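Q:
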Amino acid sequence: MGRSRYKITEPQQPHFVTLTVLHWIPVFTRPDTVNVLLDALRFFNKDGLKVYAWVILENHCHLISSKQCTGS
């Protein structure tokens, strides 16, 4: 279960986000598993997630991202 103590109150502002793997297992050591994460980021980009920068390490990743404003 993820932590719920952090709340994003201004989604259009960039946020620094860290995603970790359970028990720090090094799952991002192969290009195939890294591509799964990159495909997910591309998918969420279509849903309004703007990623300004990212780094993927062997057992976690960091993003600077925000929610894109929608037209209505």
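In my numbering, the protein residues as written are -4 to 67. Where a beta carbon is used, it is the ideal one built from N, C-alpha and C, also for glycine. It should be emphasised that the depicted structure is a prediction, and the values quoted were computed from it without experimental measurement.
1. In whole angstroms, give me the CA-to-CA distance for Ile59 and Ile51.
2. Give the list of continuous beta strand (DSSP E) stretches no shorter than 3 residues that lie fully inside the region -4 to 48.
3. Between Ala48 and the rest of its own chain, which residues show a CB-CB distance below 6 Å, the 5 nearest in sequence each way excluded?
4. How is Leu58 classed by DSSP in three states: helix, strand or coil?
5. Going along the chain, which residues of its own chain have a beta-carbon closer than 7 Å to the beta-carbon of Pro6, five neighbours each way excluded?
A: By the coordinates alone:
1. As a position in the sequence shown, residue 59 is number 64, starting the count at 1. As a position in the sequence shown, residue 51 is number 56, starting the count at 1. Computed Cα separation, rounded: 12 Å.
2. If we require 3 residues or more, the beta strand (DSSP E) runs fully inside the region -4 to 48 come out as 10 to 15.
3. As a first step, residue 48 must be located in the sequence shown, where it is residue number 53. These residues qualify, in order along the chain: Ile59.
4. Position 63 of the sequence shown holds residue 58. DSSP places Leu58 in strand when its eight states are reduced to three.
5. The count along the sequence shown starts at 1 and reaches residue 6 at position 11. The beta carbon of Pro6 lies closer than 7 Å to those of Ser61 and Lys62 in the same chain, with the five residues before and after it left out.
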